[in-house]
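Worksheet: the structure to be examined is printed underneath.
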Amino acid sequence: MSTYFIVFIILIICWYLYSQPQRGFKFQNFYYWFAVLILVFISGVRYKVGTDYGTYMYNYDWLYTKGDISITNQPALYVIARVTELLQHDSALWFFIMAVITIIPIAIIIKKHSIDAMLSLLFFVLIGSWH
231 MSTYFIVFII
241 LIICWYLYSQ
251 PQRGFKFQNF
261 YYWFAVLILV
271 FISGVRYKVG
281 TDYGTYMYNY
291 DWLYTKGDIS
301 ITNQPALYVI
311 ARVTELLQHD
321 SALWFFIMAV
331 ITIIPIAIII
341 KKHSIDAMLS
351 LLFFVLIGSW
361 H
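The opening residue of the sequence shown carries number 231 in this note's numbering; numbering runs sequentially from there.
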């Protein structure tokens, strides 16, 4: 729980720094993407956290041992499992790749369509969809 509190404090600081207009666009981009990378890192290195952790581990182990796409109704998970296997058979890498695939596109869309991207990112974190 303390990890999430620390992440939230860091995001609040990034939001404050992001909101300073005199810092310029370069600094706003830096603070935004720094916050996104923190979210990807924390989500990617989690261990037995979240309600979906066990399900993803089961799916990854099942796909790795069986190696048959017909056993899953989620072909994307099969492809990601195979890519992970090519790099290294490690569930930590699986979770990191899943974090990148889920958080980065959302962050790009938030950045592109939001008036205050950092505040929108904070709301994204507060609804609990980032891990």
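Beta carbons are placed, not taken as given, at the ideal position from N, Cα and C, and that holds for glycine. Computed from a predicted structure; not experimentally measured.
Local conformation of residue i per DSSP, three classes
i, result
"isoleucine 272", "helix"
"tyrosine 277", "coil"
"serine 232", "helix"
"asparagine 289", "helix"
Supposed contact pair residue j and residue i - C-beta distance, whole angstroms, cut 8 Å
i, j, result
"alanine 347", "isoleucine 340", "5 Å"
"alanine 265", "leucine 241", "5 Å"
"tryptophan 245", "leucine 349", "6 Å"
"threonine 314", "isoleucine 327", "6 Å"
"valine 355", "phenylalanine 260", "At roughly 18 Å, the Cβ-Cβ gap does not stay under 8 Å, so valine 355 and phenylalanine 260 are not in contact."
Neighbourhood of residue i by C-beta distance below 8 Å, restricted to the same chain and skipping five residues each side
i, result
"glutamine 304", "Asn289"
"serine 377", "Look at the range of the chain in this structure, 231 to 361, and you will see that residue 377 is not part of it."
"serine 249", "Asp346, Met348"
Cutoff 7 Å; reference residue i; Cβ partners in own chain excluding five residues on either side
i, result
"glutamine 252", "none"
Of all the alpha helix (DSSP H) runs that stay within the bounds of the region 322 to 360, which reach a length of 4 or more residues? 347 to 356
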